[in-house]
Amino acid sequence: MKIGLIAMSGIRACDAELLELGLTLPGFVERSKVIASLPSLGLLTLAGMTPKQHSLQYLEVADLRQLKDLSSGFDLIAISSYTAQIGEAYELADRYREIGIPVVMGGLHVSALPEEAALHCDAVVIGEGELSWHDVLKDRENKSLKQFYGNDSGDFDLSQSPVPAYELLDIPKYNRLTVQTSRGCPFQCEFCASSILLSKKYKQKPIKNVLAEIDKIKSIWKRPFIELADDNTFVDKNYWRELLPELKKRQVKWFTETDISVADDEALLRVLQESGCAEVLIGLESPIRSGLDGIERKGNWKLKRWIKYKDAVQKIQAHGIRVDGCFVVGLDGHGPDIFEEVYSFTKETNLFDVQITIPTPFPGTPFYDRLDKEGRLLEKNAWERCTLFDINFQPTGMTPEELRKGFINLGMKLYSGEFTENRRHRFDEEYKKYLHNRSA
Ligand code: B12
Ligand code: SF4
Numbered sequence: 014m015k016i017g018l019i020a021m022s023g024i025r026a027c028d029a030e031l032l033e034l035g036l037t038l039p040g041f042v043e044r045s046k047v048i049a050s051l052p053s054l055g056l057l058t059l060a061g062m063t064p065k066q067h068s069l070q071y072l073e074v075a076d077l078r079q080l081k082d083l084s085s086g087f088d089l090i091a092i093s094s095y096t097a098q099i100g101e102a103y104e105l106a107d108r109y110r111e112i113g114i115p116v117v118m119g120g121l122h123v124s125a126l127p128e129e130a131a132l133h134c135d136a137v138v139i140g141e142g143e144l145s146w147h148d149v150l151k152d153r154e155n156k157s158l159k160q161f162y163g164n165d166s167g168d169f170d171l172s173q174s175p176v177p178a179y180e181l182l183d184i185p186k187y188n189r190l191t192v193q194t195s196r197g198c199p200f201q202c203e204f205c206a207s208s209i210l211l212s213k214k215y216k217q218k219p220i221k222n223v224l225a226e227i228d229k230i231k232s233i234w235k236r237p238f239i240e241l242a243d244d245n246t247f248v249d250k251n252y253w254r255e256l257l258p259e260l261k262k263r264q265v266k267w268f269t270e271t272d273i274s275v276a277d278d279e280a281l282l283r284v285l286q287e288s289g290c291a292e293v294l295i296g297l298e299s300p301i302r303s304g305l306d307g308i309e310r311k312g313n314w315k316l317k318r319w320i321k322y323k324d325a326v327q328k329i330q331a332h333g334i335r336v337d338g339c340f341v342v343g344l345d346g347h348g349p350d351i352f353e354e355v356y357s358f359t360k361e362t363n364l365f366d367v368q369i370t371i372p373t374p375f376p377g378t379p380f381y382d383r384l385d386k387e388g389r390l391l392e393k394n395a396w397e398r399c400t401l402f403d404i405n406f407q408p409t410g411m412t413p414e415e416l417r418k419g420f421i422n423l424g425m426k427l428y429s430g431e432f433t434e435n436r437r438h439r440f441d442e443e444y445k446k447y448l449h450n451r452s453a
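Be aware that the sequence shown starts at 14, since it is given in this note's numbering, and climbs by one per residue.
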């Protein structure tokens, strides 16, 4: 069979004012450029386990309006999309089906809402695709595709992970490639729409598999920059103590997402920096206590950690590892003072990068269900607003418009060239000081 793998791959925001602003703010533009060119690891993973008798083509659709002609001649189209672009993904699926090509869809959104997706495709894969992909291919060959495959058990054993088919990519188009070392997260944040929706357990890929993936990338890209597609990387510190020296040998630069506990272990930070880790993204969520209460539903972990936030950021950065601190602005418990609080925290801790987002009710999250129950969703099923930058709920401490204006003003301050440069200059100074003290 000839199989078309299509990744919906755009960066989205509905708010026109914000979009326009985003196009002009240096700090914002910089990060958008970096992430906008990431490929779909989900599809590349399925490609990696596709039997060799099939031929594969990997395509990206960033904006459906720009797609005039459909590539044809396929026996099966497999589409992956997150929530914000799901409307376009459904439209694309409808168009392929109109010309007689069967479509299978998978990913976080359709796993949360399989019945909705089934209106637009021949088969919906729920959960981790590896568990169902071979069945989908066999059934397509026998012309007996089922409507639903898979489940949300999160039972896939990561030691069975195929090496993603990075060779399908036109490498010069990308400035980073992704590798996944783990799925899930030991915490349970109310709004989390990442892989905890696919895997209830926290599970790690064996080190040898991770290294095989990195070696494969290195065989097609000599000095790659790697972004780990993990939700929370350094949960198992012993695993990382073993993996980091291997990464150092391979001379890669990399970036990942982690919780703040990575700062607890000074020895680990040192090896981390030496291994090529350039930056860690940390969901700090709120610079003030009140917004944090109840976010993490198992043990209120984030609230408990809040008191150490500033020290932790400074400690990580002092080791030469940049921190991208992420704040969710407009959480329950946030009033109009939150904007100034985020700005002061960023200034005081000298965060190298900062990311602000709006609380977003993604389907399948407890946050969505709670807002729905409380009658606080502005519009139901407005998936195109699930961008992390658009407001689709009634905040408790201000009006949606106050939140919107405050968010835009905060963005202007945080991403201004001068503020960004000052922080980065201070980061360099602090790191030099650290190196000097270490060698003294
Ligand atoms: C890389 C990435 C991107 C890339 C995506 C490239 C791509 N086309 O896939 C880019 C930069 C383009 C991107 C953009 C956006 N992103 Co993003 N991104 C990520 C990131 C960092 C890693 C995702 C990843 O690679 N996971 C690993 C793979 C293996 O998992 P997977 O995709 O879920 O695939 C598995 C299954 O879902 C399934 N599967 C997936 N697709 C298919 C298809 C078929 C046919 C089958 C059978 C199975 C299957 O099988 C796979 C293997 O098990 C995550 C955060 C994180 N740490 O996970 C956020 C994340 C996915 N992004 C998010 C968001 C909000 C966005 C944006 C809306 C941001 C914006 N404002 O523009 C856009 C939306 C893009 C869209 N098209 O809708 C949210 C999504 C939440 C949601 N439920 O929708 C996440 C979870 C971040 C977060 N914490 O909120 N993103
Ligand atoms: S710590 Fe991050 S990845 Fe883990 S549940 Fe919370 S938001 Fe999700």
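We put the beta carbon where it would ideally sit given N, CA and C, even for glycine.
Alpha carbon to alpha carbon, how far is E431 from Q327?
For E431 and Q327, the distance between alpha carbons rounds to 21 Å.
Just checking P52 against the ligand B12 - is the residue's beta carbon closer than 7 Å to any of the ligand's heavy atoms?
P52 Cβ: within cutoff of the ligand B12.
Using a threshold of 7 Å, is the CB atom of R398 nearer than that to any non-hydrogen atom of the ligand B12?
Result no, Cβ not under 7 Å from the ligand B12.
Which residues does DSSP pair with V116 in a beta bridge?
Bridge partners of V116: I90.
Going by DSSP, what residue range makes up the beta strand (DSSP E) through M425?
Premise fails: M425 lies in the alpha helix (DSSP H), 413-427, not in any beta strand (DSSP E).
Inspect the beta-carbon positions of K231 and P237 and report whether they are closer than 8 Å.
Cβ atoms of K231 and P237: closer than 8 Å.
Decide if K218 is buried, meaning its Cβ has at least 16 other Cβ atoms within 10 Å, or exposed.
With 16 or more Cβ atoms within 10 Å of its Cβ, K218 is classed as buried.
Compute the beta-carbon to beta-carbon distance between G120 and D76, rounded to the nearest angstrom, for a pair I have assumed lies under 8 Å.
Contact flag wrong, Cβ pair sits at about 18 Å.
Go through its chain and collect everything with a Cβ distance to T271's Cβ below 7 Å, but skip five positions before and after it.
Around T271: N245, T246, F247, V293, I295.
Buried or exposed: which applies to Q173, given that a residue is buried once 16 or more other Cβ atoms fall within 10 Å of its Cβ?
Q173 comes out exposed.
So the alpha helix (DSSP H) K445 belongs to, where does it begin and stop?
430-452 is the extent of the alpha helix (DSSP H) around K445.
Of the choices D277, W253, D278, whose alpha-carbon is the least far from that of T269?
Here the closest residue by C-alpha is W253.
Taking the alpha-carbon positions, what's the V123 to T63 distance?
For V123 and T63, the distance between alpha carbons rounds to 21 Å.
What's the C-alpha gap between D135 and T362?
Each residue's Cα considered, the two are about 51 Å apart.
Mapping DSSP to helix, strand and coil, what is I369?
Correct three-state label for I369: strand.
Would you say the beta carbon of L80 comes nearer than 7 Å to a heavy atom of the ligand B12?
Incorrect: L80 has no Cβ contact closer than 7 Å to the ligand B12.
Given 7 Å as the limit, tell me if G296 has its C-beta closer than that to any heavy atom belonging to the ligand SF4.
It does: the Cβ of G296 is within 7 Å (strictly closer) of some heavy atom of the ligand SF4.
Do the segment 373-381 and the segment 202-222 meet, that is, are 3 or more Cβ pairs less than 8 Å apart?
Short answer: they touch.
Give me the Cα-Cα distance between T412 and F340, rounded to the nearest whole angstrom.
Using only the alpha carbons, I get a separation of about 19 Å.
Would you report the Cα separation of K321 and V192, rounded to the nearest angstrom?
So the alpha carbons of these two residues sit roughly 30 Å apart.
If you follow the alpha helix (DSSP H) that V176 is in, where does it begin and where does it stop?
Segment: none, V176 is in no alpha helix (DSSP H) and carries neither H nor E.
With a floor of 3 residues, list each beta strand (DSSP E) that falls wholly inside the segment 245-321, ordered by position along the chain.
As far as the segment 245-321 is concerned, its whole beta strand (DSSP E) runs of at least 3 residues are 266-271, 290-298.
Rank D249, R383, L69 by C-alpha distance to the C-alpha of F204 and give the top, closest one.
Considering only alpha carbons, the answer is R383.
Can we count L401 as close to the ligand B12, meaning its CB is less than 7 Å from some heavy atom?
At least one heavy atom of the ligand B12 is nearer than 7 Å to the Cβ of L401, so yes.
I'd like to confirm something about Y95: is its beta-carbon nearer than 7 Å to some heavy atom of the ligand B12, or not?
Under cutoff, so the answer is yes.
Are there any heavy atoms of the ligand SF4 lying less than 7 Å away from the beta-carbon of I371, as far as the coordinates show?
No, the Cβ of I371 stays beyond 7 Å of every heavy atom of the ligand SF4.
Looking only at its own chain, which residues have a Cβ that is under 6 Å from the Cβ of E141, when we skip the five neighbours before and after it?
Cβ neighbours of E141 beyond the five flanking positions: F169, L211.
Any heavy atom of the ligand B12 closer than 7 Å to the CB of F87?
Not under cutoff, so the answer is no.
Quick check: what's the CA-CA separation for I184 versus W234?
Approximately 8 Å, taken between the alpha carbons.
Mapping the DSSP letters down to three states, classify L34 as helix, strand or coil.
Residue state, collapsed to three classes: helix.
Hey, would you say L423 sits closer than 8 Å to I369, going by beta carbons?
Closer than 8 Å, so yes.
From the DSSP secondary-structure annotation, give me the bridge partner or partners of Q160.
According to DSSP, which records beta bridges pairwise, Q160 is partnered with nothing at all.
When you compare the CB positions of Q286 and I334, do they come within less than 8 Å of one another, or not?
Yes.
For I329, name the three-state secondary structure that DSSP assigns.
The answer is helix: DSSP assigns I329 an H, G or I state.
According to DSSP, F406 sits in a beta bridge with which residue or residues?
The partner list for F406 (beta bridge, DSSP) reads L390.
What does Q70 pair with, by DSSP beta-bridge criteria?
Paired residue(s): G17.
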